[in-house]
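Numbering (the working numbering), first residue to last: -6 to 92.
Quick reminder that beta carbons are idealized off the backbone N, C-alpha and C, glycines included.
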Amino acid sequence: MGKRKVTILEPAIEEFARIALFIEGEGLPKTAKKFVDDAFTFFKSLSDDRIIHRPCKHPPTWRALNLRCINFRKKYVVSYLDNQNEIIVCEFALQKNLK
């Protein structure tokens, strides 16, 4: 089983941090920490080179850039570039905002 390097771009980190701060602002600091921990574990799982996810369908700009998409916790979509030696996480978005 080969592992690839995982890089997370700034737009994905900003959205991810905004969601974590919102959860913490609602008075749920332990839930916010669990969200962050689960997300980083999820990002690490993308490094497995045996798994290939579907190409993105929405929005059209993601399709044009050849990004791959995967759902995180049924509510969020992670889009990433799939290179041979590296995974580049480009976007972290609410699924309902993409349609």
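- For Leu60, the number of other beta carbons within 10 angstroms of its own is at least 16, and it is reported as buried.
- Here the region -1 to 11 makes contact with the region 26 to 40; the two share three or more CB pairs at distances below 8 Å.
- If you check the CB distance, Ile1 and Val70 do not come in under 7 Å.
- Going by C-alpha positions, Phe85 is about 5 Å away from Ala5.
- Per DSSP, Leu91 lies in no alpha helix (DSSP H) and is assigned neither H nor E.
- With fewer than 16 neighbouring CB atoms inside 10 Å of its own CB, Phe15 falls in the exposed class.
- Judged by DSSP secondary structure, Arg61 falls within the beta strand (DSSP E) whose first and last residues are 61 to 65.
- Closest by C-alpha distance to Leu39, out of Leu87, Leu91, Glu3, Tyr73, is Tyr73.
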